[in-house]
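Student: Those letters in the sequence shown? Residues -21 to -1, 1 to 488, by mature numbering (1 follows the signal peptide of the UniProt record, and there is no 0).
No residue lacks a Cβ here, since even glycine has one placed at the ideal position from N, Cα and C.
All values derive from a computational prediction rather than experimental measurement.
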Amino acid sequence: MVRKLFYLMALLCCTESGLLAQSIGIFEGQSRIGATTGKAVYEEQSQNYTLTSAGGNASVEDDPAYFLWRKIKGDFIITANVKFIPTVAANRYTKIGMMFRTGLDDHAKFIDVAKRGGQAAAMQYKTTVSGEVKSNVSNPDVMQLERRGNVFRMWVAKQGDPFTVDSTTINYIEDEGYVGIFYVGAKTKGAAKVVFSNVRITVPAKVGFKPYTDYIGSNIEILDLATKNRRVIYQYNKSIQAPNWTRDGKKLLYNQDDLLYTYDLATNKATLLNTGDVKRNNNDHVISFNGKMLAISSFGPRGGPDNGRSIGYVVPITGGQPKRITTIAPSYIHSWSPDDKAIVFMSTRDGNSDIYSVSPEGGLETRLTTDPAYDDGCEYTPDGKYIYFNSARTGHMQIWRMKPDGSEQTQVTHSEFNDWFPHISPDGKWIVYISFLQNEVGPADHPFYRHVYLQRMPVNGGKPEVIAYLYGGQGTINTPSFAPDGKHLAFVSNTDLLFPLFPIEYQKK
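In structure tokens form, the structure reads like this:
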């Protein structure tokens, strides 16, 4: 693929604010705020932004910046990995971060989350008054500014660590303005560069939205596990969920509007998968190890014998009429055994949610867990020696493992979060799972549209590492999502307003 670079130079401007009309990536424009100069470079393949700036020396009262922005109204979350080029990292007069401001003139009201070289992050603001909220995280790699009404929150972290969160309430700042990323270069050092990666502007679900009735937009993203760089590859203005990789590494399978689709990574085209008269498919689907079959979960006919609840089926990977394999609804399929002779699934029976095993031909079902707590998210290791799953039996959801016969059930994570859906890397060395914040989500719940982490840890336990910071949740990573090479991961993030990097598919009415 030919790599394209878009170079947008800061030229002589025709307005007092230094407004430049050119768009760049997800941003609508760029401006010189105050006495500064700058240039922005967008790299299409990585979706990274490199900013060059000079002439600043930042402070709250004198707030010069080279600013990439887009107009916004209401609540938002802007997140990015931020990195000084090493030669300027120790310069305390430089400043990088994200900002909301009510105008593009020098003296507009603003609030930002930013870091200076080698110093702790801070949230600074200037409205009718000026102020600062300091973080205890020095020189963070990941920063986030969130607005919910008049409450602004600063989320900062070293790459791999969970966020540290601080907040402030600002009563005198308008609802509408400009949000984006900025860089202030020091006067004494000349022009220098910073890189912003994984830049996301999220418009969260509106307060009072109805789960499973109200949906917001979806991005399918691919994460490079070595660099932690993420790329948006596909967007849809409603709900897409649970991408998993085909065994040849050429396509992603996901559910959308109760149907299943394959997305060709070479042609960037989505194709409907034929599932016969089974047309209420949900986000629990998994491909057999030999790549020939697909196990799916689909809600039964409304008013039918299963009261519209989820049922397990198998169908050829090329599509066809599915064959039912589970006897009792609800049943949610999660994993094939490596020899493709067994399928494990979660089913709620007599008020208890447990893990069961069944042949792909159907028939006798074997119950593997019996704890009264909620058990779910079961997946075989590639060598077939263990099944990993999530369980709330400790009081909040954690990752566990057991032998395929249900013996030796052992807790694996001991975290401060509610951990769901463990997925094992193809080499069997790593687990990736999604973590919900305990102050947002209950142990047995995994809702849409929350702050979540994707975490990775060694398969036998150890210190977890945050590999992605995002707004997502239910449907982000329900299914096995590793690429066959084990080097990439596919998942879904969400936002109520998409900022297209390519044409968006809109729901057909």
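Determine the closest residue to P443 out of F470, S394, N418, with distance taken between C-alpha atoms.
Tutor: Of F470, S394, N418, the residue nearest in Cα terms is S394.
Student: How many angstroms separate the CA atom of K364 from the CA atom of I199?
Tutor: So the two alpha carbons sit approximately 31 Å from each other.
Student: So N253 packs on D237, CB below 8 Å; how close in whole Å?
Tutor: So it is not a contact: roughly 14 Å between Cβ atoms.
Student: Taking 7 Å as the limit between beta carbons, can you name the residues of its chain near R288, skipping five residues before and five after?
Tutor: So the qualifying residues of the chain are F278, G279, A308, P309.
Student: Taking 6 Å as the limit between beta carbons, can you name the residues of its chain near L124, skipping five residues before and five after?
Tutor: Only I57, M77, V92 meet the Cβ criterion.
Student: If we call anything under 8 Å between Cβ atoms a contact, is R80 one with G156?
Tutor: Against a cut-off of 8 Å, the Cβ pair of G156 and R80 comes out as a contact.
Student: When every heavy atom of the ligand SAH is checked, does at least one fall within less than 7 Å of the C-beta of D120?
Tutor: Absent from the structure shown: the ligand SAH. Ligands present: none.
Student: If you draw a straight line from the C-alpha of F478 to the C-alpha of V420, how long is it?
Tutor: Cα to Cα, F478 sits roughly 28 Å from V420.
Student: So, at 6 Å on beta carbons, what are the nonlocal neighbours of G385 in its own chain, with the 5 sequence-adjacent residues on each side left out?
Tutor: Same-chain partners within the cutoff: L347.
Student: Determine the burial state of Y21: buried for a count of at least 16 other Cβ atoms within 10 Å of its Cβ, exposed for fewer.
Tutor: Burial call: buried.
Student: Nearest-angstrom Cα distance between P317 and L231?
Tutor: Using only the alpha carbons, I get a separation of about 20 Å.
Student: Where does E358 fall in DSSP's three states?
Tutor: The answer is strand: DSSP assigns E358 an E or B state.
Student: Taking the alpha-carbon positions, what's the V39 to L83 distance?
Tutor: With a pLDDT of 44 at V39, under the threshold of 50, the modelled position of this residue cannot be trusted, and the question is left open.
Student: If you drop the 5 nearest sequence neighbours on each side, which residues of the same chain put their C-beta closer than 6 Å to that of A44?
Tutor: Answer for A44: I12, F161, V163, listed in chain order.
Student: Rounded to whole angstroms, what is the Cα-Cα separation between F142 and G342?
Tutor: Roughly 47 Å separates the two Cα atoms.
Student: Return the chain-ordered list of same chain residues with a C-beta closer than 6 Å to the C-beta of G196, the five sequence neighbours on each side being excluded.
Tutor: The residues are N216, T474, L477.
Student: Would you grab the beta carbon distance between Q138 and D120 for me? Rounded to a whole angstrom, and I think it's under 8 Å.
Tutor: Rounded, the Cβ-Cβ distance is 4 Å, consistent with contact.
Student: If I measure Cβ to Cβ from K408 and keep anything under 8 Å in the same chain, skipping five residues before and after, which residues do I get?
Tutor: Here the set comprises P437, V438.
Student: Helix, strand or coil for Q390? Go by DSSP, reduced to three states.
Tutor: Strand at Q390.
Student: Just tell me which of P351, E111, T73, V391 has its CA closest to the CA of I90.
Tutor: Nearest C-alpha to I90: E111.
Student: Please work out which residues of its chain come closer than 6 Å, Cβ to Cβ, to A423, disregarding the five sequence neighbours upstream and downstream, and give them in chain order.
Tutor: Y353, A371, listed in sequence order.
Student: Determine the contact status of T225 and Y240, defining contact as a CB-CB distance below 8 Å.
Tutor: Taking 8 Å as the Cβ cut-off, T225 and Y240 do not qualify as a contacting pair.
Student: Excluding the 5 residues flanking F6 on each side, which residues of the same chain have their C-beta closer than 7 Å to its C-beta?
Tutor: Once the five neighbours on either side are set aside, the close Cβ partners of F6 are L47, W48, R49, G159.
Student: Expressed to the nearest angstrom, what Euclidean distance is found between the alpha-carbon atoms of E23 and T327?
Tutor: C-alpha separation (whole angstroms): 46 Å.
Student: State the beta-bridge partners of T345 as determined by DSSP.
Tutor: Note: T345 sits in a beta bridge opposite S336.
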